[in-house]
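Below is one structure, written out as structure tokens; comments come after it.
In the numbering used here, the protein residues as written are 2 to 221.
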């Protein structure tokens with residue numbers, strides 16, 4: 002398997018206790034997938050969105066939810082880039098996925114967990130949470146869409162209930178929750194706006210320089 006997946010290519014590779022089979026998806030990015038649980042309530046305690054109540058394919062598990070999961074990833078990613086996991090023809094042994102299976106009697110395999118990590122699910126390759134997480138950020142500060150709320154949020158007080166599973170203290174990181182209004186071009190992104198303005202200014206200066214140079218050369 003690709004060396005870029007090291008040390009999460011095979012079950013037991015990290016602990017030097019390799020087991021039959023291979024992970025799909027593999028790699029540290031999949032292993033370290035964001036897994037905090039976030040719920041939003043209004044001032045009366047009425048649930049607006051429980052982000053955990055969705056299956057890997059986006060099915061809503063509770064009628065109380067006023068949000069949805071399908072659509073948080075780009076359509077091009079869900080239809081072209083991230084396909085259902087298929088067994089490898091180059092690696093032997095069972096394919097370890099979040100769906101589990103019956104090819105092995107290993108309890109971690111059948112439950113869809115990483116080897117010797119009870120409760121740590123292997124991501125599903127078509128899960129939009131995983132697809133969003135796999136999108137690499139160009140900067141240290143980045144944001145990912147979590148859920149899409151289907152109702153208006155009038156000004157007022159809201160409560161967030163967060164179960165913190167994803168540890169950022171190890172690398173002195175920070176996590177924040179933002180409620181944003183998204184449009185057809187996405188949400189607010191001040192950094193991207195600044196970059197586009199700078200790029201536009203540089204392009205304009207280059208255009209003027211080329212134009213002036215052309216005029217001067219024509220007169221010579």
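Glycine included, each C-beta is placed from N, C-alpha and C at the ideal position.
Alpha-carbon spacing of residue i relative to residue j, whole angstroms
i, j, result
"residue 160", "residue 168", "22 angstroms"
"residue 170", "residue 209", "49 angstroms"
"residue 134", "residue 213", "47 angstroms"
"residue 183", "residue 73", "11 angstroms"
"residue 79", "residue 86", "13 angstroms"
"residue 116", "residue 109", "6 angstroms"
"residue 181", "residue 136", "20 angstroms"
"residue 200", "residue 65", "46 angstroms"
"residue 62", "residue 153", "21 angstroms"
"residue 156", "residue 175", "26 angstroms"
"residue 46", "residue 206", "55 angstroms"
Spatial neighbours of residue i in its chain, beta-carbon cut-off 8 angstroms, leaving aside the 5 residues before and after
i, result
"residue 254", "Since the displayed the chain opens at 2 and closes at 221, residue 254 lies outside it and no answer follows."
"residue 103", "111"
"residue 163", "37, 38, 39, 40 and 178"
Contacting residues, own chain, Cβ-Cβ under 7 angstroms from residue i (five flanking each side not counted)
i, result
"residue 158", "44"
"residue 150", "49, 50, 67 and 68"
"residue 52", "38, 39, 40, 147 and 148"
"residue 132", "74, 78, 79 and 83"
"residue 5", "28"
"residue 88", "96"
Local conformation of residue i per DSSP, three classes
i, result
"residue 111", "helix"
"residue 61", "strand"
"residue 81", "helix"
"residue 137", "coil"
"residue 207", "helix"
"residue 1", "A query on residue 1 cannot be resolved here, the shown segment of the chain reaching from 2 to 221 and no further."
"residue 96", "strand"
"residue 216", "helix"
"residue 162", "strand"
"residue 122", "strand"
"residue 150", "strand"
"residue 144", "coil"
"residue 193", "helix"
"residue 38", "strand"
Contact set for residue i: own chain, Cβ-Cβ below 6 angstroms, skip 5 residues either direction
i, result
"residue 112", "101"
"residue 166", "36 and 37"
Classification of residue i by the beta-carbon crowding that lies within 10 angstroms, buried from 16 upward
i, result
"residue 130", "buried"
"residue 194", "exposed"
"residue 83", "buried"
"residue 179", "exposed"
"residue 14", "buried"
"residue 27", "buried"
"residue 70", "buried"
"residue 172", "exposed"
"residue 10", "buried"
"residue 31", "buried"
"residue 55", "buried"
C-beta atoms of residue i and residue j nearer than 8 angstroms
i, j, result
"residue 126", "residue 25", "yes"
"residue 142", "residue 57", "no"
"residue 8", "residue 20", "no"
"residue 96", "residue 42", "no"
"residue 123", "residue 99", "yes"
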